[in-house]
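Q: For the sequence shown, position 76 matches number 75 in numbering that gives the first Met the number 0, and the numbering has no gaps at all.
Take this structure first; my questions come after.
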Amino acid sequence: MTDSVAAASAPPTSKPVRVSDRFVAYVHRVCASTQTRAALRRGLGLPVERCNYMHRYLVPWLRDHDDQHHGDVRRAYYAVASLIAARPRSARDTRPDDSASVSWYERSNLGASLGQAVAKSVMKANSAESALHLMARQSSDAIHPGLPALIRQLQSGGITIDWAVLLEDLAWWNRSRDRIATRWLESYFRTAAGATDPAPSDSVEENDR
Numbered sequence: 000m001t002d003s004v005a006a007a008s009a010p011p012t013s014k015p016v017r018v019s020d021r022f023v024a025y026v027h028r029v030c031a032s033t034q035t036r037a038a039l040r041r042g043l044g045l046p047v048e049r050c051n052y053m054h055r056y057l058v059p060w061l062r063d064h065d066d067q068h069h070g071d072v073r074r075a076y077y078a079v080a081s082l083i084a085a086r087p088r089s090a091r092d093t094r095p096d097d098s099a100s101v102s103w104y105e106r107s108n109l110g111a112s113l114g115q116a117v118a119k120s121v122m123k124a125n126s127a128e129s130a131l132h133l134m135a136r137q138s139s140d141a142i143h144p145g146l147p148a149l150i151r152q153l154q155s156g157g158i159t160i161d162w163a164v165l166l167e168d169l170a171w172w173n174r175s176r177d178r179i180a181t182r183w184l185e186s187y188f189r190t191a192a193g194a195t196d197p198a199p200s201d202s203v204e205e206n207d208r
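Next comes the structure, spelled out in structure tokens:
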């Protein structure tokens with residue numbers, strides 16, 4: 000009986016906030032300043048070595064929270080910070096969703112966002128699939144320069160981006176590309192279901208062989 004009362008009165012345990020979510024919240028806060036937003040936006044698509052105006056905002060944060068010496072990790076942070084800063088005006092007031100109660104693998108990755116874009120006619124299915132298959136064959140160095148245009152297209156169409164998931168996927172891309180690319184593709188086809196039917200000519204050609 001005593002144990003039951005104690006258990007009932009105990010506060011519920013909450014999941015620890017991921018470092019990536021804390022970073023996204025931090026970038027949203029500093030982007031309230033027009034000057035800071037402009038400085039972070041100057042790093043769009045660029046390697047860290049060419050992001051001189053971003054260092055004052057990101058170096059101290061990385062020093063205290065993550066591995067600033069791993070090149071892929073560092074570039075992922077810089078890329079996501081610049082993408083958040085470059086959001087179109089229509090998406091600028093959107094705050095990060097509270098995803099603490101959602102399983103990490105249930106949160107939207109880039110594949111799911113592209114699937115939403117196809118389902119809402121923001122992108123054509125062949126364009127979205129081509130982008131995914133191309134990225135699945137590339138290193139992160141090849142992916143980064145093309146992200147700003149792709150993300151802007153999605154956000155201009157009202158598609159939300161889970162920045163924390165994108166951050167971690169980019170940070171791990173060169174070490175786990177096949178796993179992450181597979182997750183993106185699976186999420187894409189689940190989300191865009193009904194808008195990505197194979198062309199009839201594909202099945203006809205297969206049957207004629």
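Idealized CB from N, CA, C, for every residue including glycine.
Please read these numbers as outputs of a predicted model, since none were measured by experiment.
Do you know offhand how far V72's Cα is from W171's?
A: Each residue's Cα considered, the two are about 7 Å apart.
Q: Between which two residues does the alpha helix (DSSP H) carrying V185 extend?
A: In the sequence as displayed, the identity of residue 185 is Glu instead of Val. Run containing E185: W162 to T190, per the alpha helix (DSSP H) assignment.
Q: Assign D63 to one of three DSSP states: helix, strand, or coil.
A: Three-state result, D63: helix.
Q: Find out if the Cβ-Cβ distance for the pair P87, Q154 is shorter than 7 Å.
A: yes
Q: M53 by DSSP, collapsed to three states: which one?
A: coil
Q: Answer yes or no: does any C-beta atom of chain D fall closer than 7 Å to that of I150?
A: This model lacks chain D altogether, as it is built from one protein chain only.
Q: Starting from V240, trace the alpha helix (DSSP H) in both directions and tell me its first and last residue.
A: Residue 240 lies beyond the range of the chain shown here (0 to 208); nothing can be said about it.
Q: In chain order, what residues of the same chain have a beta carbon less than 6 Å from the beta carbon of L149, not counting five sequence neighbours either side?
A: none
Q: Between S209 and A191, what straight-line distance do the alpha-carbon atoms span, to the nearest angstrom?
A: No statement about residue 209 is possible, as the shown extent of the chain runs from 0 to 208 and does not include it.
Q: Using 8 Å as the Cβ pair cut-off and three pairs as the minimum, do the region 60-79 and the region 164-179 touch?
A: yes
Q: Grab the span of the alpha helix (DSSP H) containing E128 for me, first residue to last.
A: Judged by DSSP secondary structure, E128 falls within the alpha helix (DSSP H) whose first and last residues are A124 to A135.
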